[in-house]
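**Student:**
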Amino acid sequence: MKLQHYLGGLEGLGPVSTETRVFVETWETRIFGIHTAMMALSSQLPLPRTSSTFTTVWTWADLRKGAESLNPFDYFKFRYYEKWLGGISGYFIYNGYITAKELDALTEEYYNDPSKSVPAAGDAAIDDRVVQYLVEGDSPKRDTNVSFDFAVGDFVSIKNVPSIEHTRLPGFLRNKNGTVETVYDGAYVYLCDTGTDGIGAAMPVYCIRFEPEDLWPGNAEKNFSLYADLYAHYLEAPAAASAKQAA
62 MKLQHYLGGL EGLGPVSTET RVFVETWETR IFGIHTAMMA LSSQLPLPRT SSTFTTVWTW
122 ADLRKGAESL NPFDYFKFRY YEKWLGGISG YFIYNGYITA KELDALTEEY YNDPSKSVPA
182 AGDAAIDDRV VQYLVEGDSP KRDTNVSFDF AVGDFVSIKN VPSIEHTRLP GFLRNKNGTV
242 ETVYDGAYVY LCDTGTDGIG AAMPVYCIRF EPEDLWPGNA EKNFSLYADL YAHYLEAPAA
302 ASAKQAA
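Written out as structure tokens, the structure reads:
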């Protein structure tokens, strides 16, 4: 998110795609379906048992980490669902479901014969589990007692946390100040532990309002505000931020 993964506020990056279709090509729907099935089969929700051999955990965070680990030049070269495909493929190789050699051989087969049929589905239990997962969802909200350090109207500073693998903090908000617009009820977990980035366990989430002129001085439109939902770990009181800078 500090590099190619979040580009908000940067200039001179070339034309911006305005494509509005969710899926541009048919194969993209299959990638989305594979991703959804992987989440459903690894979910800890009380869902129907299946005969699937998929035994590891796959979440949105794993998908994002797979895309974000790409070489920056590849990241810009590939389309949206191509990044998904790369992340999913890498995950299956890393977890031993298939070897890179086997995947390359299968890829070559389909390149040589595009009309070659793909494996057919047919396990009703897996289908039922995926459908139930889609219907019920998997909420990150937890009904646990947490303390709220900030209230609506509080002025807060955004930390510049040390991120290594994955973060949910946009780069252009780091070291900036904003105002608490909403304090969400309850506590919210993240899909994985982000290490030094600091999120994973259940914690409060706040909606913070930022003024564009403060984010991009002298280079922002007027008469609107920018809002971001941020985990509590990313926030601190302005006094604490000033003390760190002084030190």
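Plus 61 on top of the position in the sequence shown (first one is 1) and you've got the numbering used here.
We put the beta carbon where it would ideally sit given N, CA and C, even for glycine.
Just so you know, these numbers come straight off a predicted model, no measurement behind them.
#1: Can you grab the Cα-Cα spacing for the pair Phe137 / Ala122, in whole Å?
#2: At which residue ranges does the region 175-229 contain complete beta strand (DSSP E) runs of 3 or more residues, listed in the order of the chain?
#3: On a Cα-Cα basis, can you pick out the residue from Asn173, Val213, Arg110, Ala262 that is closest to Gln193?
#4: Going along the chain, which residues of its own chain have a beta-carbon closer than 8 Å to the beta-carbon of Pro201, five neighbours each way excluded?
#5: Rounded to a whole number of angstroms, what is the C-alpha to C-alpha distance between Gly157 and Ala101?
#6: Report yes if the C-beta distance between Asp275 and Asn238 is below 8 Å; otherwise report no.
#7: Determine whether the beta carbon atoms of Ser104 and Asp210 lie at a separation below 8 Å.
#8: So, does the region 175-189 touch the region 250-269, judging by three or more C-beta pairs under 8 Å?
#9: Which partner residues of Arg270 appear in the DSSP bridge assignment?
#10: In the DSSP assignment, find the alpha helix (DSSP H) that holds Lys138 and state where it starts and stops.
#11: Give the single residue among Thr116, Pro299, Leu108 whose Cα lies nearest to the Cα of Asp215.
#12: Cβ of Glu272 less than 8 Å from any chain B Cβ?
#13: In or out: Trp119 buried (at least 16 other Cβ within 10 Å) or exposed?
#14: Flag this pair as yes or no: are the beta carbons of Pro278 and Thr257 separated by less than 8 Å?
#15: Please identify the residue among Phe115, Tyr142, Thr117, Arg190 whose C-alpha is closest to the C-alpha of Arg82.
#16: Out of Leu167, Gly151, Pro133, Cys268, which one is the CA nearest neighbour of Ser218?
#17: Go ahead and label Leu230 buried or exposed: buried means 16 or more other beta carbons lie within 10 angstroms of its beta carbon, across all protein chains shown.
#18: Could you tell me whether the region 153-171 touches the region 78-98, using the rule of 3 or more Cβ pairs below 8 Å?
#19: Use the C-beta contact count for Ala161: other C-beta atoms within 10 angstroms, 16 or more gives buried, fewer gives exposed.
#20: Indicate the three-state DSSP secondary structure (helix, strand or coil) for Tyr141 in the structure shown.
#21: Taking the alpha helix (DSSP H) that His96 falls in, what are its first and last residues?
**Tutor:** Judging by the given coordinates:
#1: 20 Å
#2: 216-219
#3: Arg110
#4: Tyr249, Val250, Tyr251, Leu252
#5: 20 Å
#6: Taking 8 Å as the Cβ cut-off, Asp275 and Asn238 qualify as a contacting pair.
#7: no
#8: no
#9: Thr240, Tyr288
#10: 133-138
#11: Pro299
#12: This model lacks chain B altogether; it includes just one protein chain.
#13: Buried, since its Cβ has 16 or more Cβ neighbours within 10 Å.
#14: no
#15: The shortest C-alpha separation from Arg82 is found at Tyr142.
#16: Cys268
#17: With a threshold of 16 other beta carbon atoms within 10 Å, Leu230 meets it and is buried.
#18: Output reads no: the region 78-98 does not touch the region 153-171.
#19: exposed
#20: helix
#21: 87-103
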